[in-house]
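Quick notes on the structure that follows.
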């Protein structure tokens, strides 16, 4: 299955040539995909009046290695289409109420591990080269992705003098801030389910001006990949109405570190200047604590 093909697409494509049993499963999935995503093969068989083995063969006939891969793909489709209330219900089905802290942190750790194993190293290196060589760097992220964009832009500003964090309070402001974008510039777009239409439109606009595009998103099925040829895929998940951005933040951290390594002398020079300014204007003097000789003291 290619990156832009969904389970629904595959079912519709193959439906006419399916057996009676497979058509029964298909009809159920098409009408109840939000429920089917959470059913075992045996349970889906019960719901559709076929055997568990028929369900497994159905998944294989669509091109999946097995039922777990089919279910994973269907779950991803569901997750991208859920509203806030449905997202909460989805999470409550999966999380151990007595071990919320452990469940959430374990899930975040798993997402980082999956991202590490699956991320395209060549795309990452390409992103570093593109950012380092850009005339101007635009960073955009909306709603729950805004903190990631702000974090990335903050540190990029310590490395480069040409960074623009796009203000996303309105669609018109986005285009006004990007009106001078051109082929020598790069846009780093950050978007995760539910995908922001404003971010997608900004990427489309930048692409129409021949700017280079980098996306940080959750899947090859993400609409962000329609505009960007350099895609950094970071696993994301839901914890109640909260979107986990732990793995995406790790990818952002890796980008920052790689770019710092490219510009060590310039970064040291900038930080040295900033340290003098921070000390002169007592930026940290009143609110930083240090531990000395087993006692906590206020910095002077």
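Residue numbers (this note's numbering): -19 to 280. For glycine and all other residues, C-beta sits at the position ideal for the given N, C-alpha and C.
Limits of the unbroken beta strand (DSSP E) element including residue i
i	result
residue 166	166 to 170
residue 118	117 to 121
residue 143	143 to 145
residue 211	210 to 213
Contact belief for residue i with residue j at Cβ below 8 Å, rounded distance in angstroms
i	j	result
residue 92	residue 125	Actually they are not in contact, since the Cβ atoms of residue 92 and residue 125 sit about 18 Å apart, beyond 8 Å.
residue -12	residue 8	Rounded, the Cβ-Cβ distance is 13 Å, inconsistent with contact.
residue 36	residue 5	So it is not a contact: roughly 11 Å between Cβ atoms.
residue 22	residue 51	At roughly 12 Å, the Cβ-Cβ gap does not stay under 8 Å, so residue 22 and residue 51 are not in contact.
residue 117	residue 142	6 Å
When the options are compared against residue i, the one with the closest alpha-carbon
i	options	result
residue 31	1, 40, 16 and 192	1
residue 212	95, 3, 185 and -1	95
residue 120	106, 45, 109 and 153	153
Local conformation of residue i per DSSP, three classes
i	result
residue -12	helix
residue 180	helix
residue 150	coil
residue -1	coil
residue -6	helix
residue 83	helix
residue 45	coil
Range covered by the alpha helix (DSSP H) that runs through residue i
i	result
residue 197	Run containing residue 197: none in the alpha helix (DSSP H); it sits in the beta strand (DSSP E), 192 to 197.
residue 114	Residue 114 -> no alpha helix (DSSP H), and no H or E assigned at all.
residue 37	32 to 41
residue 205	Element bounds for residue 205: n/a, residue is neither H nor E.
residue 242	226 to 242
residue 139	126 to 139
Cutoff 7 Å: residue i Cβ touching any chain D Cβ
i	result
residue 188	Structure shown: chain D not included; a single protein chain is present.
Given 8 Å, three or more beta-carbon pairs between the region 144 to 161 and the region 93 to 104: Pairwise C-beta distances place the region 144 to 161 out of contact with the region 93 to 104, as fewer than three of them are shorter than 8 Å.
Inter-stretch contact at 8 Å, needing at least 3 Cβ pairs: the region 170 to 185 / the region 135 to 143: In short, these stretches do not touch, since the Cβ pair count stays below three.
Touch test, the region 79 to 95 against the region 224 to 232, Cβ-Cβ under 8 Å, three pairs minimum: Result yes; three or more Cβ-Cβ pairs closer than 8 Å.
At least 3 beta-carbon pairs within less than 8 Å: the region 151 to 162 vs the region 252 to 259: No, they do not touch.
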